[in-house]
Amino acid sequence: MNNPDAVQKEFAARLAEIDVNELDITLYSRVALQRVLDAAEYYLDIYRNSLERVLEMCAMSPDEITVVDFGGGHGILSIFAKKLGFSKVIYIDYNADATATVKCLGERFGVAPNVVLQGDIEVLKEWCVANNVIPNALLAMDVIEHIYVLDSFFGSLHSLSPQMKMVFTTASNPYNSRVVRRLRKAMQADELGTTTRKGFWKMRRDFIQKLQPEMSERELDYWADNTRGLVYSDVERAVESQSPNLLLDPDNTCDPETGSWTERILPVEDYRQLLLPYGFTLTVLPGRYNEYRRGPKRWASDYYNKQIDNAPDGEPRGFRERYRYNKALKVAPFIYLVVGMNEGNS
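Using this note's numbering, count along the sequence shown one by one with no gaps and you end on 390.
Okay, here's the thing in structure tokens:
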């Protein structure tokens, strides 16, 4: 790996020079990119930690590794990986604005992902098969909590490469009660909507009413309630087959048009069970707070980071390690989901 400290320092300085208003990108991308740039050093720490996990799991040098950046950071992660010396970087995002931003940033820095794709996991799979490329690893920053059907997602990754190494980050940390309360409020807002924005519940109800205009108001309310978490095509199947979608979680909800979940909170054991049939193992690690903030926020970051840094760097062994590990997860602002291959299946 190229000198990571020097690369990170130089790259952070270059990012600080960017004025998003000078870039030929959409307003959506400017807002999203600015969010990353405002805490660039913090995000680079997260990206570097994720890439180092990949190196550790693959037991290869960067110039031997093909890594997929699955919709992360509007291309900053991809460019950072290239600067660190990774051989081939594939960027893919469902959002056309994001892929345009990646290309724009690549021109700006003179370094770009080797491949930029627009689409979902199936598009990635089709491209890899057509081009005889087998990625060694996949990184997805704050994506996994939005994916509609995780079982299909993991299945596609397994079929692409049974030895795939994966690192996900998610702010939907089920261990942190403060985070959970905040996310549930966001879910409820998306589900119910506002005076100016239709909520997901009303979107489903209106769709069902068009399908079956003879339904009573009471029946429409029932099916709008009991198709939460479904896209329109699945809503239609549920209503026609009289099969309510009974989610265990009281607030998880998704956009019925796109299937994108609102920061879905899943118990970690659910992720583990979804990965198990494919021979993948899961290690959960606490993420750190932004130590580059100033004032009282910096003090709070330092206080919590001390508890997080005190946790074992991996699955805990013994009572004391387990105590520190659980304490760290409960205060962490986000978690890493590190996915490898069961040694018996490798």
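Each residue gets a CB set at the ideal place from its N, CA and C atoms; glycine is no exception.
Touch test, the region 267–283 against the region 293–308, Cβ-Cβ under 8 Å, three pairs minimum: Flag = yes, the region 267–283 and the region 293–308 touch.
Tell me which residue opens and which closes the alpha helix (DSSP H) that Leu400 is part of. The chain is shown only over 45 to 390; residue 400 falls outside these bounds and no answer can be derived.
Exposed or buried, what is Ile123 when buried is set at 16 or more other beta-carbons lying within 10 Å of its beta-carbon? Buried: at least 16 other Cβ atoms inside 10 Å.
Contact between the region 92–108 and the region 178–192 is defined here as three or more beta-carbon pairs at a separation below 8 Å; is this criterion met? A contact exists between the region 92–108 and the region 178–192.
Could you say which of Tyr336, Leu310, Ala103 lies nearest to Leu81 if we only look at CA atoms? Comparing alpha-carbon positions, the option among Tyr336, Leu310, Ala103 lying closest to Leu81 turns out to be Tyr336.
Spatial distance of Pro157 from Ile134 (CA atoms): Straight-line Cα distance between these residues: approximately 6 Å.
With distances taken between CB atoms, is the gap from Thr476 to Leu77 smaller than 9 Å? Residue 476 lies beyond the range of the chain shown here (45 to 390); nothing can be said about it.
Where does Gln36 sit, in a helix, a strand or coil, going by DSSP? An answer regarding residue 36 cannot be provided, because it is not within the stretch 45 to 390 covered by the chain.
For Leu329 versus Ile379, is the C-beta distance shorter than 9 Å? Their beta carbons are under 9 Å apart, which means Leu329 touches Ile379 by this criterion.
How is the beta strand (DSSP E) around Thr110 delimited, first residue to last? Segment 110–114, the beta strand (DSSP E) holding Thr110.
Tell me the DSSP bridge mates of Lys209? Looking at the DSSP assignment, Lys209 forms a beta bridge with Ala181.
Can you round the beta-carbon distance between Leu168 and Val112 to whole angstroms, since I take them to be within the 8 Å contact cut? Sure, about 7 Å apart at Cβ, within 8 Å.
Measure the CB-CB distance between Phe198 and Leu319 and report whether it falls below 9 Å. Taking C-beta atoms as the reference points, Phe198 and Leu319 count as a pair closer than 9 Å.
Quick check: what's the CA-CA separation for Ile247 versus Gly362? The question names Ile, but residue 247 in the sequence shown is Met. Rounded to whole angstroms, Met247 to Gly362 spans 50 Å at the Cα level.
So what's Gly237 in DSSP terms, helix, strand or just coil? Three-state DSSP puts Gly237 in a strand.
As a quick exercise: from Arg249, Lys374, Pro321, Gly303, pick the residue whose alpha carbon is nearest that of Ala391. It is not possible to answer for residue 391, since the shown part of the chain is limited to 45 through 390.
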